[in-house]
Amino acid sequence: MKAKYWWSAILTLFAVVVVSCTNQATTSTDTATANTSINMCYSGISGTQIVTWYAQDKGLFEKHSVKVSLSSIEGGSDATTAVLTGNTEVCQIAGSAVVNAVVAGEDLVFVGGIINTYPYSLMVTPNIKTAEDLRGKALAVSKPGSASDAAIREILRTLNLKPDEDVTILAVGGQGERLAAMETGQVVGTVVSVPETIEAKEKGYQVLVEMSKLDIPYQHTGIVTTRTYIESNRAVVSGVMKAVTEAIALMQTDKSGTMEVMAKYMLLDPQEDEPSLVEAYDVLVQNYLPQIPYPSVEGIQTLLTQLEAENANAANTKPEDVVDLTIVKELETNGFIAGLYNNPQ
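For the sequence shown, the working numbering gives the first residue as 82, with consecutive numbering after it.
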């Protein structure tokens with residue numbers, strides 16, 4: 082009887098150990114993202130995408146257990162479609178395209194804010210001396226509803242000019258195509274960000290409006306996914322934001338490495354285009370990137386207010402419908418972000 086009792090006790094203890102180990106393994110699976118592969122995009126070739134490029138090239142996504150296949154999708158509207166259809170799980174996208182989609186009832190959300198104000202300059206041809214000279218002329222944007230479109234419209238309103246009435250707005254493509262449209266005389270101006278501002282100045286174009294001086298909160302670009310994806314893949318999204326946040330921290334002291342990455346993705350020559358790369362670094366990295374990359378609630382409200390003139394449904398959308406602050410909040414409260422600056426990785 083004693084032997085039978087002891088065998089029963091041993092088997093019971095073994096079962097408890099197995100169940101305990103199983104529960105621990107399940108918990109680990111819920112929190113870990115090792116070997117998780119995702120598609121990630123960025124909407125267009127611009128220096129404002131440097132955080133995503135740097136995180137990829139420096140292996141920061143993989144460091145935080147997310148293997149990223151990175152691709153470019155020109156234009157925010159096409160990028161949002163890629164996320165909504167599941168072709169890409171996460172993307173760095175302009176705020177205007179995301180807000181348009183959310184107002185239309187789509188499931189998109191900013192989990193991180195990369196640039197939370199306008200990084201643009203309105204560059205114009207030499208014959209444009211004042212705001213009034215724009216009346217009856219055309220300005221170029223990439224696509225309707227894009228960041229450049231929102232920026233142009235905001236500028237015109239500040240200049241007391243009516244978009245589409247006083248000034249024609251033409252969709253011609255990315256920054257390179259827009260500068261080309263200025264050369265051919267199709268338009269008299271467009272908005273560009275660094276380092277293209279140097280190229281524009283070299284062509285004889287001048288700054289009519291420097292948007293950073295307008296001090297307008299604006300969600301220019303940030304990290305976007307869907308709430309549905311977060312619900313089932315929160316650890317993956319957290320890993321992406323860890324990589325993004327670490328990239329921002331590392332770039333502050335890695336000027337040469339940052340310029341090298343920017344030259345690679347923008348197809349610039351590191352030697353010949355060094356002045357452009359230096360300006361891009363000094364302006365974007367030193368002035369625009371936030372240490373704690375929350376999406377800008379105020380910046381989203383700016384976009385919603387702009388959209389109300391064209392879409393009454395925008396008035397029924399709250400900024401909180403477009404952002405999820407909890408991922409970055411966790412990285413702030415658990416000391417991850419502070420550790421990047423107090424104890425660099």
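Ideal Cβ positions, reconstructed from N, Cα and C, are used throughout, including at glycine. Just so we're clear, the structure is a prediction, and the values are computed from it rather than from any experiment.
| query | result |
| --- | --- |
| Whether Ala178 touches Thr166 by CB criterion (8 Å) | no |
| Burial state of Gln367 (16 or more Cβ within 10 Å) | exposed |
| Inter-residue spacing [alpha-carbon to alpha-carbon] between Ile154 and Gly128 | 15 Å |
| Per-residue burial, Pro207 [other beta carbons within 10 Å of its own, 16 or more giving buried] | exposed |
| Val190 - partner residues in DSSP beta bridges | Thr306 |
| Buried versus exposed call for Asp230 [16 or more other C-beta atoms within 10 Å across all chains shown] | buried |
| Contiguous alpha helix (DSSP H) assignments of at least 4 residues, all confined to the region 146-186 | 157-165, 176-184 |
| C-alpha distance - Asp39 paired with Val183, whole-angstrom precision | With the chain represented from 82 up to 426, any question about residue 39 goes unanswered, as that position is not in the structure. |
| Those runs of the alpha helix (DSSP H) which lie wholly inside the region 374-410 and span at least 4 residues | 378-389 |
| Burial state of Asp354 (16 or more Cβ within 10 Å) | buried |
| Reduced DSSP category for Glu353 - H, G, I as helix; E, B as strand; rest coil | coil |
| Strand pairing of Ile250, partner residues [DSSP] | Leu220 |
| Local Cβ density within 10 Å of Lys323, reported as buried at 16 or more and exposed below that | buried |
| Cutoff 8 Å; reference Thr339; Cβ partners in own chain excluding five residues on either side | Ile131, Tyr135, Met332, Tyr362, Val366 |
| Uninterrupted alpha helix (DSSP H) stretches inside the region 253-303 (no shorter than 4 residues) | 256-264, 277-283 |
| The alpha helix (DSSP H) enclosing Ser124, as first and last residue numbers | Per DSSP, Ser124 belongs to no alpha helix (DSSP H) and is neither H nor E. |
| Among Ala219, Val275, Ile304, nearest to Glu291 - alpha-carbon criterion | Val275 |
| Contact belief for Gln256 with Val205 at Cβ below 8 Å, rounded distance in angstroms | Incorrect: roughly 15 Å between the Cβ atoms, too far for contact. |
| Other residues of its chain near Ala396: CB distance less than 7 Å, five sequence neighbours each side excluded | Glu389 |
| Boundaries (first-last residue) of the alpha helix (DSSP H) holding Leu240 | Run containing Leu240: none; DSSP gives neither H nor E here. |
| Cβ pair Pro400, Ile373 closer than 8 Å | no |
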